[in-house]
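Worksheet: the structure to be examined is printed underneath.
Encoded structure:
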């Protein structure tokens, strides 16, 4: 039971019923935001939030910091790989020069 | 699309693949148990199976990694008897039977919901349980039943819908509850003597609701690495990398790769709604897997008036799968779909015998639709000749 | 081409009332009023003015244009009958014109057979007929004969339309699904899935607000521009129900070749993509009503692309090369995904149903 898609809350429709409009790439739909509202995060403050939408409910607020962390990890991986490749290349070149 | 495209980046994927290849080589070298078998990782969730096939992920991985497709597809594990119950409810003239789209094609012992609709039953596809509630408001003289299926991911949405129905004082709305739970079925797979799993990709959206803790036992008790995984292809490849890293370092932990969406303690409002509306059933029937304790939920007595099973008579007959079906073995990952004796011959998406061929998350449907069918059928023939 | 003398029979019928009823299909005066006041007045051509039971078309004028007659028919039962970007009338004319045009034929004449459900509003009917005329004019095609039936309430859904069309294929063109060869390139003239997404959005039960318009359009002008620049087109099909995936499979199957397409090259609107992501649908299988898949020899691809992009019809501005034809595996369509891995694109099975999982 997995189909969830990220979208952005663009307006509140009904505060008592926890209803808002979410925008997914230009397509808008009504969603229930009961799952992302609590005493620290009111209904009105949800406007602008990025959320995971599943069967008409906003199920989780997307943590931008965590998202960046995940991507940064992978980008660093690439950096580390490049460094390793550079070292190996330098070693290979040194070896070639030594044998000449 | 934000939070989507970044996690489909092929360049980042390539970097991961390089790491995965190195880790795989290292693991194979240092571990005798992989001398004659591949590293076996199971993705539990049907949504993960779909992503793997849709993006061709398995071919990007080294051959010594085998992905085993688990039974985490609520449509796939729906027993025939429950489909018959749905059809019987739908055929009541006062009922509007509402359901998610992919449940409509699952075969019952006589017909599917789609066939019942063609025969005149008022069956309607909805995107959200709230749409069913809207129908209830607009049709006060009809009984609206919503087919509530899914793991813990979808329980908050159906529970909150019941609570809203209660708030509005609606008396013509009920759920036919087929929600199932994840933990007992993962345990059943890990307990199975035929299973040799080296790691698990845990269902990310179930965790979004229930949090990290329910999956600790996999690493703690069963000593298998487990990673809570997102649904974009990069999430899956990264989780595979994390599992391999654990295997290479001899670790056995629960990790959360999907932290941008999965909070450590799950979703409190969702869990609160579930606790009010649902309680565990002693046991529940799974297609192909038999009866499993504590694996399903039913509506609490306090909300009985929203329980279609108590409002209406249902046949409630346990129907065995056709004898030629090997759904259970495929669901547990014991055989690959093309190894099932009826795959591609009697059982096809047009003429499905089991739900795995119907649901877009089913392993059989995935192989049939996204795989090289002529190649698979040739493999199947070869296997049959060899027997 | 000889034109019959205009105004041979004075049209006198005037349709009374706001809704269509059974007498309008009865064969008597009410039916004559319907035909004259709505159809013949709107379609306005000399063939119809003759009010014969059949249209008469000069053969020599046809054979002067080519050596094969192309003939096709299609019935249109779309629901809803009015949707963003068009209606059942526009669809019924464009769809049949396109079926002719993809053979290389110049579409010339259409028939118009309607089955109307008792109770349909006359205003709606006039709007639909007006759309048919506008689409036909845009394509330079005449609607020259027709039939009208009215059925009891419930016996059909508002209105069903059948159009048949004829056109002439110029001698030098050989376009068929079996002519794709390894090394050929595959092109499409723009964004996929607009029509399917517009219809889904318009159905209302999924409650998705969007601005997607159907891409319904007559493609004969675009195709003419393409064939003028690039007459060596091997295959051409319009990607209607079943989407571009079905057309690619048809071509791969008929030609016994493999077609490999790049997901990154396929043009798709962000909104259509968003709708597919929300519902778990694959845009490769969504219906189109203004898209052609074109297969040309490899060395003609640039020329073909330019001709499509520059077409004065403006229906090819987002054209793209999306893939190539290969030797094998035969009959198989392979997609190189945005992620780098490959998977097979099969024919659609049943109806695509929105996913939950």
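Protein chains in written order, with the working numbering: chain A, 324 to 423; chain B, 7 to 393; chain C, 658 to 1014. Positions of the beta carbon are idealized from the N, C-alpha and C atoms, including for glycine. In this text the structure is predicted, and so the values were computed from the model without any measurement.
Collapsed DSSP secondary structure at residue i in the structure displayed
{"i": "residue 1000 of chain C", "result": "strand"}
{"i": "residue 644 of chain C", "result": "Outside the displayed range of chain C (658 to 1014) lies residue 644 of chain C, so it cannot be described from this structure."}
{"i": "residue 184 of chain B", "result": "strand"}
{"i": "residue 384 of chain B", "result": "helix"}
{"i": "residue 318 of chain B", "result": "coil"}
{"i": "residue 416 of chain A", "result": "helix"}
{"i": "residue 363 of chain B", "result": "helix"}
{"i": "residue 977 of chain C", "result": "strand"}
{"i": "residue 260 of chain B", "result": "strand"}
{"i": "residue 677 of chain C", "result": "coil"}
{"i": "residue 221 of chain B", "result": "helix"}
{"i": "residue 659 of chain C", "result": "In this prediction, residue 659 of chain C scores a pLDDT of 49, lower than 50, which makes its location untrustworthy; the coordinate-derived value is nonetheless stated afterwards. Three-state result, residue 659 of chain C: coil."}
{"i": "residue 304 of chain B", "result": "strand"}
{"i": "residue 299 of chain B", "result": "strand"}
{"i": "residue 312 of chain B", "result": "helix"}
{"i": "residue 336 of chain A", "result": "strand"}
{"i": "residue 895 of chain C", "result": "strand"}
{"i": "residue 268 of chain B", "result": "coil"}
Start-to-end residues for the beta strand (DSSP E) that takes in residue i
{"i": "residue 727 of chain C", "result": "725 to 733"}
{"i": "residue 932 of chain C", "result": "It is not in any beta strand (DSSP E) - residue 932 of chain C instead sits in the alpha helix (DSSP H) that spans 927 to 936."}
{"i": "residue 346 of chain A", "result": "342 to 347"}
{"i": "residue 290 of chain B", "result": "289 to 292"}
{"i": "residue 149 of chain B", "result": "149 to 156"}
{"i": "residue 234 of chain B", "result": "232 to 235"}
{"i": "residue 769 of chain C", "result": "763 to 774"}
Whole-angstrom C-beta distance between residue j and residue i, which should lie under 8 Å
{"i": "residue 287 of chain B", "j": "residue 184 of chain B", "result": "No, residue 287 of chain B and residue 184 of chain B are not in contact; Cβ-Cβ is about 10 Å, not under 8 Å."}
{"i": "residue 347 of chain A", "j": "residue 328 of chain A", "result": "6 Å"}
{"i": "residue 135 of chain B", "j": "residue 164 of chain B", "result": "5 Å"}
{"i": "residue 779 of chain C", "j": "residue 853 of chain C", "result": "With 8 Å as the limit, residue 779 of chain C and residue 853 of chain C do not qualify as a contact, their Cβ atoms being about 30 Å apart."}
{"i": "residue 214 of chain B", "j": "residue 273 of chain B", "result": "6 Å"}
{"i": "residue 876 of chain C", "j": "residue 702 of chain C", "result": "Rounded, the Cβ-Cβ distance is 22 Å, inconsistent with contact."}
Residue i, buried or exposed, once every other Cβ within 10 Å from all chains shown has been counted against 16
{"i": "residue 738 of chain C", "result": "buried"}
{"i": "residue 357 of chain B", "result": "exposed"}
{"i": "residue 679 of chain C", "result": "exposed"}
{"i": "residue 338 of chain B", "result": "buried"}
{"i": "residue 902 of chain C", "result": "buried"}
{"i": "residue 324 of chain A", "result": "Model confidence at residue 324 of chain A stands at a pLDDT of 43, short of 50, so the residue's coordinates are unreliable; what they give is reported in the following sentence. Answer is buried; the Cβ neighbour count reaches 16."}
{"i": "residue 927 of chain C", "result": "exposed"}
{"i": "residue 91 of chain B", "result": "buried"}
{"i": "residue 17 of chain B", "result": "exposed"}
{"i": "residue 256 of chain B", "result": "exposed"}
{"i": "residue 173 of chain B", "result": "exposed"}
{"i": "residue 708 of chain C", "result": "exposed"}
{"i": "residue 175 of chain B", "result": "exposed"}
{"i": "residue 659 of chain C", "result": "Below a pLDDT of 50, predicted positions are generally treated as unreliable, and residue 659 of chain C, at 49, falls in that range; the measurement from the model is reported next regardless. Classification of residue 659 of chain C: exposed, given that the 10 Å Cβ count is below 16."}
Residue i: contacting residues in chain A (beta-carbon distance under 8 Å)
{"i": "residue 888 of chain C", "result": "Result: empty, since nearest Cβ-Cβ is about 40 Å, beyond 8 Å."}
{"i": "residue 865 of chain C", "result": "350, 351, 352"}
{"i": "residue 213 of chain B", "result": "Within 8 Å Cβ-Cβ: nothing; residue 213 of chain B doesn't reach chain A, min ~10 Å."}
heavy atom of the ligand MG below 7 Å from residue i C-beta
{"i": "residue 1006 of chain C", "result": "This structure simply doesn't include the ligand MG, nor any ligand for that matter."}
Element boundaries [alpha helix (DSSP H), containing residue i]
{"i": "residue 854 of chain C", "result": "851 to 859"}
{"i": "residue 173 of chain B", "result": "161 to 174"}
{"i": "residue 134 of chain B", "result": "Run containing residue 134 of chain B: none; DSSP gives neither H nor E here."}
{"i": "residue 93 of chain B", "result": "86 to 96"}
Residue i: contacting residues in chain B (beta-carbon distance under 7 Å)
{"i": "residue 1003 of chain C", "result": "375"}
{"i": "residue 371 of chain A", "result": "Here the premise fails: no neighbours, minimum Cβ distance about 13 Å."}
{"i": "residue 364 of chain A", "result": "None at all; the shortest Cβ gap to chain B is about 11 Å."}
{"i": "residue 999 of chain C", "result": "62, 65"}
{"i": "residue 989 of chain C", "result": "378"}
Within chain C, partners of residue i - CB distance below 7 Å
{"i": "residue 328 of chain A", "result": "934, 935"}
Partners in chain A for residue i, counting only beta-carbon separations shorter than 7 Å
{"i": "residue 928 of chain C", "result": "348, 349, 350"}
{"i": "residue 931 of chain C", "result": "347, 348, 349, 350"}
Contact list for residue i against chain A, beta-carbon separation under 9 Å
{"i": "residue 10 of chain B", "result": "328, 329, 348"}
Listed by chain order, chain C residues near residue i by CB distance under 9 Å
{"i": "residue 137 of chain B", "result": "862, 863, 864"}
{"i": "residue 20 of chain B", "result": "997"}
{"i": "residue 133 of chain B", "result": "862, 863, 864, 865, 935, 936, 1011, 1013"}
Interface residues of chain B facing residue i [CB-CB closer than 9 Å]
{"i": "residue 986 of chain C", "result": "378, 380, 381"}
Beta-carbon neighbours of residue i, restricted to chain C and to distances below 8 Å
{"i": "residue 16 of chain B", "result": "995, 996, 997"}
{"i": "residue 7 of chain B", "result": "927, 930, 931, 934"}
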